[in-house]
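Student:
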Amino acid sequence: MAIDFLYPEFEVVRDQSRCIACRVCERQCANEVHSYDEDLKLMVSDESRCVNCHRCVSLCPTRALKIIKSPHTFRENANWTQDAIQEVYRQANSGAVLLSSMGNPKQFPVYWDKILINASQVTNPSIDPLREPMETRVFLGKKPTNITRDQNGKIKTDLPPQLELELPILFSAMSYGSISYNAHESLARAAVEMGTYYNTGEGGLHKDFYKYGAHTIVQVASGRFGVHKDYLEQGAAIEIKMGQGAKPGIGGHLPGTKITGDVSATRMIPEGTDAISPAPHHDIYSIEDLRQLVYSLKEATEYKKPIIVKVAAVHNIAAIASGIARSGADIIAIDGFRGGTGAAPTRIRDNVGIPIELALASVDQRLREEGIRNEVSLIAGGSIRNSADVVKAIALGADAVYIATGALLALGCHLCRTCQTGKCNWGIATQRPDLVKRLNPDIGCRRLINLLTAWEHEIKEFMGGMGINSIESLKGNRLMLRGVGKKKKELSILGIAHAGE
Amino acid sequence: MKRVYVNEKWCLACHLCEYYCAFANSGEKSMVKALKNLKINPRIHIEEKNGISFAVSCRHCEEPLCVKGCISGALSQKDGVILIDQNKCVGCYTCVLSCPYGAISPTETGVMQKCELCTTNASGTPACVKGCPNGAIVFEERGTV
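Note that the protein sequences, when read in sequence, are chains D and V.
Taken in order, the first sequence gives residues 6 to 506; the numbers are from this note's numbering.
Taken in order, the second sequence gives residues 435 to 579; the numbers are from this note's numbering.
Now the structure itself:
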C-alpha cells in the first residue's frame, strides 16, 4: 500500500485507571475507533478513524475518555499551515474535490462579536420583563404601503398573507435526507410548541409530518425534489431556494446511498439514485423569471401563503435583494457565509460569500432608500449563535432570524463537520436506522424547546434593558448598537456608530 | 404503582443500563472502584437480535409466580415491589424456573438476585432509567400489568 502522508488529526486519550471496559464506546462509534483486545484485556483505539464527535466521550460512564488535537506537527510555517499542507496531500491521494460540512470555520471576522448593545440609564427607564409584558411576536410578509378605506370610510384590514411567529426565530432549511427522520420530527414538534416554523429543505415533506403543516415552510429548490400539489398546500409558506450561504453558486448532491426507502418516496426519485440539485434553477435566469415562479406558486396556492426567496449573501446582495423585493416575493431570507450544510466543496465553503452582518445591514439600508422595505420581510441566517446575535440582527434590520447549526447543536451535534460521511453518531445527519434511532424526538424536541425558551428570556432581558417592550421597536433600531475595534468603512456599512460616539 | 418499562424503539443496545445497575447494587461510591476488572452480573439484561434490542428486568407482576413458588419465603411483595431476602434464599432456583421473563438470576454465592427498583440501595430510584441516554427505559405509572 502506498503511503498517504497523513497522520491522524486527533488522539483518543483513555485513562486506563478509570476504564471499566464496559465497551459502550465501541458499541456507539460508527467509525469503529474503539475495540476490546481479549489478550490484553484492555480497550484500545484506532485514532486514525476518529472524527472527534464526542459520542464516546459523552456516553463513557466513568469519564475515562477525552479527545485531544494531535500535537504532531510540521515545521512551523506561517504560509504553509498544517491544514494547507494536509489538504494538498489529501488531494494528491484522491484526485478529488475536498468535501466538508457545516459552516465556514476559517478565521474571518465575526462582526456580531464587535457589536455592543445599548441599555437605559437615568434618562429613560429600563423595563423588568418579569414584571411587565414584553412583546416578541413578529409577522412576516408584505405590509401595506397606504391606508385604504371602503365606501363607509372604514379602514380596510385585509393584509397580504403573513407568517405569525411567537418569537423572531425560525428553524432554517434542512432536508429529510440530509438529516434524519427523528431530527425532522424534533424540529417540527418544537416549532409547533414554540409557535414558530421549521423548513423542509429541498427533500420534500414526509407524509407523517403533514400534521405539522401549519408550522412548516416547504421549500422549492432547483432540483424540485418532492414538490407536488399536496406538498405546497401543506406548508404555511413556500420558500424558493436560490442559494445557500455555505455554497453560493453551487448545487447540491445527495449521494444515492442516502436515497433509501422513505427518503426516495419523499423526494419522488428512485431508490439509490443520486439526488442532484442543479446550481441554478434552469427556469430562472432573471428577476422576471423569478417573478414567474413566485406567481406560479402563489397561483397554485390561491394567494394564501407568503412566498420566501432565499439567497446566499454575495457581493451584490443589496441589488439582488432589491430585485427580489420587486419580484413579488413576500419575504427574503439571506444566508451568510457561515451558514451550514450537510456537504459542500471545502474550497467553496471557505472562500465564497460574505458575512451576514454586512449583507443584512446593506440590504436593509438599500430597501429603505428605495422605499420598498415594507414590501418584504427580511430573515437573516448563517450562524446566529445565541440570543445576543438575534438581538443584533434585528437591530440591524432583520424581521426574524433563521437558526439551524444552533438547533442541531441542541440535538447533540458536536460540529465534527463530517456529515458528508453519513455516519453521524448522534443520529442527526444519517439515514442508517441503527444510528437514526439514537435521536429520540421526545428528548430532541424538549431540548429545542428549552433552547428557544432560554433565548426568548434573554431577548426580553435585552429589550427591557434598552427600555423597549416590543420587538417591533427594536427592528432596524441601529441606534441601539455600537461597534468596537472596526474600521470606519465597516461601521458605515453596518450603519452603526463606534462605541463612545 | 410506578414500574420500569422499556421501549425497544429507542434502545441502542449500549448496555449502559447493565453497568449502572451493577454499580447501584455494588454499594460503592465510585463506578471505577465498583466495576474495574469485574465481569458484571447485573439485574437488568439487554436482549438483542437482528437489530432489535431491549432491556429486561423484573416486571413486578401483580400476581407474581416467583413469590408463589418460593419455598423458603425469601421472596415477598411489599407495596407492589417484589423483594428478595437473600438471607432466606436457599438457592433452589424455583423462582428462576417460574419467572416468565427470565428476570431472576443467581449470584456468585448461589443465592438469587433480582431488580428491587433500587428501593434497597443508595440510588433510591432506578439507576438504569437515570443512566439510559435515549429514554428507552422509563419509570412511570401505567396502571395494572
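Where a beta carbon is used, it is the ideal one built from N, C-alpha and C, also for glycine.
Against chain D, does Tyr-453/V count as a neighbour if the rule is that its beta carbon must be under 8 Å from one of theirs?
Tutor: By 1-based counting over the second sequence, the position of residue 453/V is 19. So, interface residue.
Student: For the putative contact between Val-299/D and Ile-312/D, defined by C-beta atoms under 8 Å, what is the C-beta separation to the nearest angstrom?
Tutor: Taking the first residue of the first sequence as position 1, residue 299/D is located at position 294. Taking the first residue of the first sequence as position 1, residue 312/D is located at position 307. With 8 Å as the limit, Val-299/D and Ile-312/D qualify as a contact, their Cβ atoms being about 5 Å apart.
Student: Taking contact to mean 3 or more Cβ pairs, one atom from each stretch, closer than 8 Å, check whether the segment 408 to 422 of chain D and the segment 151 to 162 of chain D are in contact.
Tutor: Too few Cβ pairs lie closer than 8 Å, so no.
Student: Name the two residues that bound the continuous alpha helix (DSSP H) containing His-189/D.
Tutor: As a working mapping, residue 189/D is identified with position 184 in the first sequence. Start and end: 186 to 199.
Student: Scan the segment 447 to 481 of chain V for residues whose Cβ lies nearer than 9 Å to a Cβ of chain D and list them as they occur along the chain.
Tutor: For the segment 447 to 481 of chain V, which is checked against every Cβ of chain D, the residues closer than 9 Å are Ala-447, Cys-448, His-449, Leu-450, Glu-452, Tyr-453, Tyr-454, Phe-457, Ser-464, Met-465, Val-466, Ala-468, Leu-469, Lys-470, Asn-471, Leu-472, Ile-474.
Student: Apart from the five residues on each side of it in sequence, which residues of its chain come closer than 6 Å, Cβ to Cβ, to Glu-169/D?
Tutor: In the first sequence, the residue the question calls residue 169/D occupies position 164. Same-chain partners within the cutoff: Phe-144.
Student: Near Leu-172/D, which residues of its chain fall below 6 Å by C-beta distance, leaving aside the five closest residues on each side in sequence?
Tutor: Residue mapping note: residue 172/D aligns to position 167 of the first sequence, counting from 1. Thr-141, Glu-461.
Student: Do you know how far the Cα of Gly-254/D is from the Cα of Ala-284/D?
Tutor: Indexing the first sequence from 1 puts residue 284/D at position 279. Indexing the first sequence from 1 puts residue 254/D at position 249. So the alpha carbons of these two residues sit roughly 6 Å apart.
Student: When the Cβ atoms of the segment 198 to 211 of chain D are set against those of the segment 442 to 459 of chain D, are three or more pairs found closer than 8 Å?
Tutor: Because the criterion of three Cβ pairs below 8 Å is met, the segment 198 to 211 of chain D and the segment 442 to 459 of chain D touch.
Student: Should Cys-58/D be flagged as near chain V, meaning a C-beta pair shorter than 8 Å?
Tutor: The count along the first sequence starts at 1 and reaches residue 58/D at position 53. Chain V, which has no Cβ nearer than 8 Å to the Cβ of Cys-58/D, makes this no.
Student: By Cβ distance below 6 Å, which residues in the same chain neighbour Lys-491/D in space, the five residues on each side in sequence not counted?
Tutor: Numbered from its first residue, the first sequence carries residue 491/D at position 486. So the list reads Lys-119, once near-sequence residues are dropped.
Student: Please list the partners that Pro-567/V has in chain D, where partner means a Cβ-to-Cβ separation under 7 Å.
Tutor: As a first step, residue 567/V must be located in the second sequence, where it is residue number 133. Ordered by position in chain D, the residues that pass the 7 Å Cβ test against Pro-567/V are Leu-64.
Student: Quick one: list the residues of chain V neighbouring Asp-447/D, beta-carbon separation under 8 Å, in chain order.
Tutor: Locating residue 447/D in the first sequence gives position 442, counting from the first residue. Those are Gly-569, listed as they occur along chain V.
Student: What separation, rounded to the nearest whole angstrom, lies between the Cα atoms of Gly-402/D and Leu-383/D?
Tutor: For the purposes of this step, residue 402/D is taken as residue 397 along the first sequence, with counting starting at 1. For the purposes of this step, residue 383/D is taken as residue 378 along the first sequence, with counting starting at 1. Roughly 8 Å separates the two Cα atoms.
Student: Just to confirm before moving on: does the CB-CB distance between Val-62/D and Lys-71/D stay below 8 Å?
Tutor: Taking the first residue of the first sequence as 1, we reach residue 62/D at position 57. Taking the first residue of the first sequence as 1, we reach residue 71/D at position 66. For Val-62/D and Lys-71/D, yes; Cβs fall inside 8 Å.
Student: Can you tell which of Val-501/V, Asp-519/V, Asn-555/V has the C-alpha that lies nearest to the C-alpha of Leu-531/V?
Tutor: Position 97 of the second sequence, counted from the first residue, corresponds to residue 531/V. Leu-531/V has its Cα closest to that of Val-501/V, out of Val-501/V, Asp-519/V, Asn-555/V.
Student: So, for Ala-556/V: in the same chain, excluding its five sequence neighbours on each side, which residues have a beta-carbon less than 8 Å away from its beta-carbon?
Tutor: Against the second sequence, residue 556/V aligns to sequence position 122. Taken in chain order, the residues that qualify are Ala-458, Gly-461.
Student: According to DSSP, simplified to helix, strand and coil, what is Phe-573/V?
Tutor: The residue labelled residue 573/V in the question sits at position 139 within the second sequence. Here Phe-573/V sits in strand by DSSP.
Student: Take every Cβ of the segment 468 to 480 of chain D, pair it with every Cβ of the segment 389 to 407 of chain D, and state whether three or more of those distances are shorter than 8 Å.
Tutor: The segment 468 to 480 of chain D is in contact with the segment 389 to 407 of chain D.
Student: Entirely within the segment 268 to 333 of chain D and at least 3 residues each: give me those beta strand (DSSP E) ranges in chain order.
Tutor: Qualifying beta strand (DSSP E) stretches, in chain order: 280 to 282, 312 to 317.
Student: Can you pull the chain V neighbours of Val-29/D, defined as C-beta to C-beta under 7 Å?
Tutor: Stepping through the first sequence from its first residue, residue 29/D is reached at position 24. Chain V residues near Val-29/D: Cys-448, His-449, Leu-450.
Student: Decide if Gly-100/D is buried, meaning its Cβ has at least 16 other Cβ atoms within 10 Å, or exposed.
Tutor: Numbered from its first residue, the first sequence carries residue 100/D at position 95. Its Cβ having fewer than 16 others within 10 Å, Gly-100/D is exposed.
Student: DSSP three-state call for Arg-477/V: helix, strand or coil?
Tutor: Counting from one through the second sequence, the residue named residue 477/V turns up at place 43. Coil, per DSSP.
Student: Locate the beta strand (DSSP E) running through Thr-351/D, then write down its first and last residues.
Tutor: Stepping through the first sequence from its first residue, residue 351/D is reached at position 346. Element bounds for Thr-351/D: not the beta strand (DSSP E) but the alpha helix (DSSP H), 351 to 356.
Student: Could you spell out the range, first to last residue, of the alpha helix (DSSP H) harbouring Gly-470/D?
Tutor: Numbered from its first residue, the first sequence carries residue 470/D at position 465. Run containing Gly-470/D: 446 to 471, per the alpha helix (DSSP H) assignment.
Student: Scan the segment 509 to 577 of chain V and note each continuous beta strand (DSSP E) run of 3 residues or more that stays entirely inside, going in chain order.
Tutor: As far as the segment 509 to 577 of chain V is concerned, its whole beta strand (DSSP E) runs of at least 3 residues are 509 to 512, 515 to 518, 571 to 575.
Student: What are the boundary residues of the alpha helix (DSSP H) that Phe-488/V is part of?
Tutor: As a first step, residue 488/V is located in the second sequence; it is residue number 54 there, counting from the start. Counting along the chain, Phe-488/V falls outside any alpha helix (DSSP H), though it belongs to the beta strand (DSSP E) covering 486 to 490.
Student: Between Val-223/D and Ala-385/D, what straight-line distance do the alpha-carbon atoms span, to the nearest angstrom?
Tutor: Counting from 1 along the first sequence, the entry for residue 223/D is found at position 218. Counting from 1 along the first sequence, the entry for residue 385/D is found at position 380. Going by the C-alpha atoms only, they are around 18 Å apart.
Student: What does Lys-443/V touch in chain D if you count any residue whose Cβ is under 8 Å from its own?
Tutor: Here the question's residue 443/V lines up with position 9 in the second sequence. Result: Lys-442.
Student: So what does DSSP say about His-39/D, is it helix, strand or coil?
Tutor: Translated into the one-based positions of the first sequence, residue 39/D becomes position 34. Looking at His-39/D - three-state DSSP - the assignment turns out to be strand.
Student: Going along chain D, which residues have a C-beta under 8 Å from Gly-485/V?
Tutor: Here residue 485/V refers to the residue found at position 51 when the second sequence is read from its first residue. Those within 8 Å of Gly-485/V in chain D are Pro-438, Asp-439.
Student: Using only the alpha-carbon positions, how far apart do Asn-1/D and Ile-464/D sit?
Tutor: Nothing can be reported for residue 1/D, as the shown portion of chain D is limited to 6 through 506.
Student: Going by DSSP, what residue range makes up the beta strand (DSSP E) through Arg-373/D?
Tutor: Looking up residue 373/D in the first sequence gives position 368. From DSSP, Arg-373/D is part of no beta strand (DSSP E) but of the alpha helix (DSSP H) over 361 to 374.
Student: Are the CB atoms of Arg-437/V and Gln-547/V nearer to each other than 8 Å?
Tutor: Residue numbering aside, residue 437/V sits at position 3 when the second sequence is read from its first letter. Residue numbering aside, residue 547/V sits at position 113 when the second sequence is read from its first letter. Not closer than 8 Å, so no.
Student: Evaluate the contact criterion for the segment 299 to 308 of chain D versus the segment 363 to 380 of chain D: three or more CB pairs, one atom per stretch, below 8 Å.
Tutor: Because the criterion of three Cβ pairs below 8 Å is not met, the segment 299 to 308 of chain D and the segment 363 to 380 of chain D do not touch.
Student: Taking Cβ positions only, does Ile-433/D come closer than 8 Å to chain V?
Tutor: Locating residue 433/D in the first sequence gives position 428, where the first residue counts as 1. So, not an interface residue.
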